[in-house]
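As given, the protein sequences belong to chains A and B, one line each in that order. Under my numbering, think of the first position of the first sequence as -19, with each following residue one higher. Under my numbering, think of the first position of the second sequence as 233, with each following residue one higher. For every residue, glycine included, the Cβ atom is placed at its ideal position computed from N, Cα and C. The next block holds one structure in the form of structure tokens; read it before the comments.
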Amino acid sequence: DTAVSQTPKYLVTQMGNDKSIKCEQNLGHDTMYWYKQDSKKFLKIMFSYNNKELIINETVPNRFSPKSPDKAHLNLHINSLELGDSAVYFCASSQVGQGSGNTIYFGEGSWLTVV
Amino acid sequence: ELKVEQNPLFLSMQEGKNYTIYCNYSTTSDRLYWYRQDPGKSLESLFVLLSNGAVKQEGRLMASLDTKARLSTLHITAAVHDLSATYFCAVDREYGNKLVFGAGTILRVKS
Chain A
-19 DTAVSQTPKY LVTQMGNDKS IKCEQNLGHD TMYWYKQDSK KFLKIMFSYN
31 NKELIINETV PNRFSPKSPD KAHLNLHINS LELGDSAVYF CASSQVGQGS
81 GNTIYFGEGS WLTVV
Chain B
233 ELKVEQNPLF LSMQEGKNYT IYCNYSTTSD RLYWYRQDPG KSLESLFVLL
283 SNGAVKQEGR LMASLDTKAR LSTLHITAAV HDLSATYFCA VDREYGNKLV
333 FGAGTILRVK S
């Protein structure tokens, strides 16, 4: 049973389209994240939600909008896709708090290609 | 702004040899993570180091943390081909797992 699962795994779409990536975790964690890995493999946090509340919103274009319907789900919607949005998007989760161990578990990644 | 630097960025080594990957960071933090990523795959958690002097070992990999020097090391003992991957260190920017990643070290172990 996959701990952090994201769909779709691969997505090829045209510029200007709107697309969503979904993420679910079954670890009972209270915090979920979206990270972006670019073509040079550099990883950067985009958003973080704790118990459905947005706690990190890095310098990300407004075209990216996360939504957390509950603490087990964190979706990422992208409007008006641009070529530069092509990347691998990783969802992750952790339990934040004293004694929690703090391991952050990553999903398998969603490979987005904008053409 | 927290910066995390890894070196080397690329490491080619022979099987059986030992080597160390270094991770320096620029501001105070006592939470450091090491991850492994295989090509086209997700990130696998290797170690979480939560205090100064922490040392953890798993198989041929050993990680340590010196918070005063703002340095973590990942030591590889008697490398085998299966260790070929990209290794990332990441530092918690502030309490709450807001990780800042290093650029990654591509490790190739040659038979």
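Asked	Found
What's the call for B:S244, buried or exposed, on a 16-neighbour Cβ count within 10 Å?	exposed
Quick one: what does DSSP say A:H53 is sitting in, helix, strand or coil?	strand
Rounded to whole angstroms, how far is the Cβ of A:Y85 from the Cβ of A:L7, which I believe are closer than 8 Å?	6 Å
With contact counted as at least three CB pairs below 8 Å, one residue from each stretch, are the segment 317 to 326 of chain B and the segment 267 to 276 of chain B in contact?	yes
Starting from the Cα of A:W94, find the closest Cα among A:D18, A:M(-5), A:A72 and give me that residue.	Residue identity differs from the one stated: residue 94 of chain A is Val in this sequence, not Trp. For A:V94, the nearest C-alpha among the options comes from A:M(-5).
So, is A:D18 buried or exposed, given that buried needs 16 or more other C-beta atoms within 10 angstroms?	exposed
Beta-carbon of B:F333 versus every beta-carbon of chain A: anything under 9 Å?	yes
Can B:N256 and B:Q238 be called in contact, C-beta distance under 9 Å?	yes
Classify A:D65 as helix, strand or coil using the three-state DSSP reduction.	helix
May I ask which residues mark the beginning and end of the beta strand (DSSP E) holding A:I84?	Unbroken run through A:I84: none, as it is neither H nor E.
By how many angstroms is the C-alpha of A:I25 removed from the C-alpha of A:P46?	13 Å
For A:S66, which residues of its own chain have a beta-carbon under 8 Å away from its beta-carbon, when the five flanking residues on both sides are left out?	S19, L92, T93, V94
Would you please verify whether the beta carbon of B:R263 is less than 9 Å from any beta carbon of chain A?	yes
Who are the near neighbours of A:K(-1) in its chain, counting only those whose CB is closer than 8 Å to its CB and skipping five residues on each side?	L(-9), T(-7), H57, I58, L61, L92
Who are the neighbours of B:G291 on chain A, taking C-beta pairs under 9 Å?	Going along chain A, no residue has its Cβ under 9 Å from B:G291, so there is no contact; the nearest lies around 18 Å.
In this structure, how does DSSP classify B:L315 when only helix, strand and coil are distinguished?	helix
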